[in-house]
Structure formats: structure tokens, C-alpha cells
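Notes to accompany the following structure.
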Ligand code: ADP
């Protein structure tokens with residue numbers, strides 16, 4: 009659906025993106041993941057035609073980006089872009105006009121979007137009375153009015169309440185069921201794991217890992233076994249390799265987690281060692297990113 013080949017971009021002397029290669033398929037919820045300053049916003053501004061790239065090619069459905077109709081793409085900016093003194097409906101009308109929606113079609117699209125973002129009952133309310141989460145949802149609604157095939161969302165859940173976050177997640181699931189393609193940037197790994205089927209890790213303007221979540225895990229991380237004892241039992245783990253402290257217990261990395269788990273279960277039972285948890289642990293995206301870049305994503309928050 010979207011092919012990004014060798015895309016680079018600098019601001020004055022600063023390289024923001026260096027030779028990015030990414031393919032995004034129709035129906036993907038594609039996660040662009042990386043710490044603040046990695047280059048995510050630059051890439052999605054280029055995809056949304058807000059910025060021009062210096063080198064490389066981008067095609068959407070095999071058409072060069074420059075020749076693609078702007079109606080194909082909806083862009084939800086990170087900063088909320090609403091007129092606070094107007095109602096939800098008036099804000100939507102403004103964006104509907106930008107997309108040349110008129111009369112019956114405009115009314116129908118506005119009704120559908122208000123339903124999608126769960127703000128039908130608040131349509132006549134002034135935006136300044138809205139919570140942060142409601143504003144975020146309306147911000148998304150503004151990008152959905154023209155019914156784009158591709159929705160690009162820049163950190164849409166920063167600083168919002170759990171209910172609005174849940175609402176945005178279910179909106180994304182519904183859009184995907186309609187065949188829409190979502191490009192989603194975030195530095196919250198847990199939400200990318202929940203929402204996205206494929207991801208690109210970006211660090212210092214480069215793609216450092218790319219593919220489905222399972223491909224990335226297979227390529228860049230080992231599975232493990234996690235054990236938590238009722239009381240401290242570290243000595244018994246000395247016979248196992250690659251033991252590290254994790255949470256309230258220990259994790260052992262291994263290529264064959266089931267075999268290790270069986271061996272440990274057998275041993276703990278034989279030695280009457282009480283355990284709280286013993287399970288196969290899948291590598292988390294956060295750990296993989298840390299391993300690949302040496303940068304914790306949360307560090308980005310402080311920038
Ligand atoms: P992210 O979205 O991952 O936080 P950005 O794309 O915003 O990253 O930024 C990538 C790099 O480009 C950063 O080093 C940032 O400081 C720099 N940058 C972003 N926008 C500008 C700009 N308008 N002028 C100069 N440098 C910029």
C-alpha cells in the first residue's frame with residue numbers, strides 16, 4: 009500500500025531521517041516506535057505532505073506520493089488542533105469544509121464520525137468544556153471526515169484518561185475491520201504491542217528493526233522462563249545459565265523455554281521449593297528496543 013524507499017531528511021545541518029526503507033500493507037496497524045527525537049514525526053509529516061523529503065521515493069498504491077489525492081490520507085497531529093470556543097459540531101464543520109464536503113454528504117459524514125468517536129451526545133457542547141481525552145477524540149474525528157484509506161496518528165494517547173485511551177483503541181480496531189490502514193507513532197511499547205501488527209523501530213533517524221512483532225522477537229530476542237519463589241531461593245538457580253533478576257523473580261533466557269520450564273518444574277517439585285509463578289516469558293518490545301539501541305524509550309520522556 010505504502011512503499012518508502014531510501015527516504016532521508018535533514019533540517020539545516022541536522023540529519024532527522026537517513027535512508028528509511030519501509031513497506032506498509034493495506035489493513036496494517038503499523039507502529040512507528042522510537043524515543044523522542046528519533047524522527048517519527050518527521051516521517052509522518054512527510055507521508056502527510058506537510059514536509060518534503062530530501063532524497064528517496066514514496067509511493068501510495070503504486071502512485072508517487074505527490075500525485076496521490078489528499079483524500080487518501082487523514083493526519084491526526086500530536087498537538088490538538090481545535091477551536092476551543094466552538095462546539096464539537098462547529099469544529100467538524102470547519103474540517104468538512106476544507107475537504108469540500110457539502111449538504112447531505114457532510115451531515116452524514118459528521119453523524120458517522122461523531123458516532124465513531126463516541127461524542128454524539130456532546131456534539132453541541134463547547135470544546136473548552138471537554139476533557140483532554142474528549143479533545144483527542146474530536147481531533148481524530150476531524151481527520152476522519154473525508155473517510156481516508158490511510159489514517160496517520162502521531163502519539164494520539166499522550167496524557168489522556170484510560171477510558172478515552174480505550175475508546176481510541178476500539179476505534180482503531182473498528183477502522184481496521186473496515187480495511188483502513190493505520191500508521192501509529194508512539195513511545196508507549198505496551199500500546200504498540202496491543203494495537204499494531206507490524207512495527208519499525210526508529211532510532212537517530214534510522215530503522216533499527218522492522219517487521220511483524222513475531223519476526224522482530226524471533227530475530228532480536230530470545231524467549232525465556234520466568235520464576236518467582238515464595239521466599240528467596242537464588243542458590244537453586246546457580247545451576248542454570250543466563251539468569252537475570254526481573255520484577256519480583258528471575259528470568260532465564262533460552263532458545264528452548266519449554267524444555268527449561270519442564271526441567272525446573274521437575275526440580276522444584278523434587279526439592280519441595282514453593283513457587284508463586286513459573287512460566288514461559290515472551291520478550292517484550294521494550295526489552296528488544298533497549299537491547300538494540302541501548303536507549304530506554306522512557307528516557308525520551310525527559311527530553
Ligand atoms: P520524534 O517525532 O521521533 O520525536 P522528530 O521527527 O520530531 O522526532 O525529530 C527528529 C530530529 O529532528 C530531532 O533531533 C529534532 O530535534 C529534529 N527536528 C525536528 N523538527 C525540526 C525542525 N523544525 N527544525 C530543526 N530540527 C528539527
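In the numbering used here, the protein residues as written are 9 to 311.
For each residue, glycine too, the CB sits at the ideal point set by N, CA and C.
Subject >> Assigned exposure category for residue 130 - 16 Cβ within 10 Å defines buried >> reply: Taking all protein chains shown into account, residue 130 has 16 or more neighbouring C-beta atoms within 10 Å of its C-beta and is therefore buried.
Subject >> Element boundaries [alpha helix (DSSP H), containing residue 301] >> reply: 293 to 301 is the extent of the alpha helix (DSSP H) around residue 301.
Subject >> Minimum C-alpha distance to residue 78 - residue among 108, 295, 173 and 94 >> reply: The shortest C-alpha separation from residue 78 is found at 108.
**OP:** Starting from the Cα of residue 261, find the closest Cα among 250, 271, 37 and 104 and give me that residue.
**Re:** Here the closest residue by C-alpha is 250.
Original post:
Is DSSP giving residue 248 helix, strand or coil here?
Top reply: Correct three-state label for residue 248: coil.
Original post:
How would you write the range of the alpha helix (DSSP H) that residue 137 sits in, first residue to last?
Top reply: In this chain, residue 137 is not harboured by any alpha helix (DSSP H), its DSSP state being neither H nor E.
Original post:
Taking the beta strand (DSSP E) that residue 82 falls in, what are its first and last residues?
Top reply: Its beta strand (DSSP E) spans residues 81 to 84.
Original post:
In terms of residues, what are the limits of the beta strand (DSSP E) holding residue 65?
Top reply: Secondary structure note for residue 65: its beta strand (DSSP E) is the uninterrupted segment 63 to 68.
Subject >> Heavy atom of ligand 1 within 6 angstroms of residue 17 beta-carbon >> reply: Not under cutoff, so the answer is no.
Original post:
Quick one, are the C-beta atoms of residue 55 and residue 25 less than 7 angstroms apart?
Top reply: Not closer than 7 angstroms, so no.
**OP:** Please check if any C-beta of chain B sits within less than 7 angstroms of the C-beta of residue 162.
**Re:** Absence of chain B from the displayed structure is noted, only one protein chain being present.
**OP:** Please indicate yes or no: does the CB of residue 56 lie closer than 6 angstroms to some heavy atom of ligand 1?
**Re:** Flag unset: Cβ of residue 56 not near ligand 1.
**OP:** Leaving aside the five residues before and after residue 17 along the sequence, list all residues of the same chain whose C-beta is less than 6 angstroms from its C-beta, in chain order.
**Re:** Contacts found: 24, 25, 50, 61 and 62.
Original post:
Under the three-state reduction of DSSP, which class applies to residue 111: helix, strand or coil?
Top reply: In the structure shown, residue 111 sits in a helix (DSSP, three-state: H, G or I).
**OP:** Please state whether DSSP places residue 204 in a helix, a strand or coil.
**Re:** Under the three-state reduction of DSSP, residue 204 is assigned to coil, being neither helix nor strand.
Subject >> Contact belief for residue 184 with residue 190 at Cβ below 8 angstroms, rounded distance in angstroms >> reply: With 8 angstroms as the limit, residue 184 and residue 190 qualify as a contact, their Cβ atoms being about 6 angstroms apart.
Subject >> Per-residue burial, residue 211 [other beta carbons within 10 Å of its own, 16 or more giving buried] >> reply: Label assigned to residue 211: buried.
**OP:** Find out if the Cβ-Cβ distance for the pair residue 259, residue 231 is shorter than 7 angstroms.
**Re:** In this structure, residue 231 does not lie closer than 7 angstroms to residue 259 by Cβ.
Original post:
Just how far apart, CA to CA, sit residue 127 and residue 271?
Top reply: So the alpha carbons of these two residues sit roughly 54 angstroms apart.
Original post:
If residue 36 sits next to residue 205, beta carbons under 8 angstroms apart, how far is it from one beta carbon to the other, in whole angstroms?
Top reply: Contact between residue 36 and residue 205 holds: their C-beta atoms lie close to 6 angstroms from each other, under 8 angstroms.
Original post:
Between the stretch 114 to 121 and the stretch 68 to 76, do three or more beta carbon pairs fall short of 8 angstroms?
Top reply: Not touching, per the Cβ criterion.
Subject >> Range of the contiguous alpha helix (DSSP H) that encloses residue 46 >> reply: For residue 46, there is no enclosing alpha helix (DSSP H), since its DSSP letter is neither H nor E.
Subject >> Top-ranked residue by Cα proximity to residue 173, from 159, 154 and 140 >> reply: Selected option, being the one with the closest Cα: 140.
Subject >> DSSP bridge partner residues for residue 72 (one or two, in chain order) >> reply: BP columns for residue 72 point to 67.
Subject >> Cβ-Cβ separation, residue 125 to residue 148 (assumed contact under 8 angstroms), whole Å >> reply: About 6 angstroms; that satisfies the 8 angstroms criterion.
Original post:
Taking buried to mean at least 16 other C-beta atoms within 10 Å of its own C-beta, is residue 29 buried or exposed?
Top reply: Residue 29 comes out exposed.
Original post:
Should residue 162 go down as buried or exposed, given a rule of 16 or more other Cβ atoms within 10 Å for buried?
Top reply: Residue 162 counts as buried, since at least 16 other C-beta atoms from the protein chains shown sit within 10 angstroms of its C-beta.
**OP:** Would you tell me roughly how many angstroms separate the C-alpha atoms of residue 214 and residue 110, rounded to the nearest one?
**Re:** The alpha-carbon atoms of residue 214 and residue 110 are separated by roughly 43 angstroms.
Subject >> Closer than 6 angstroms: residue 49 CB and nearest ligand 1 heavy atom >> reply: Relative to the non-hydrogen atoms of ligand 1, the Cβ of residue 49 comes within a distance shorter than 6 angstroms of at least one.
Original post:
What do you reckon, are the CB atoms on residue 219 and residue 159 nearer than 7 angstroms?
Top reply: No, the Cβ-Cβ distance between residue 219 and residue 159 is not below 7 angstroms.
Original post:
Looking only at C-alpha atoms, which of 268, 164, 95 and 223 sits nearest to residue 199?
Top reply: Nearest C-alpha to residue 199: 164.
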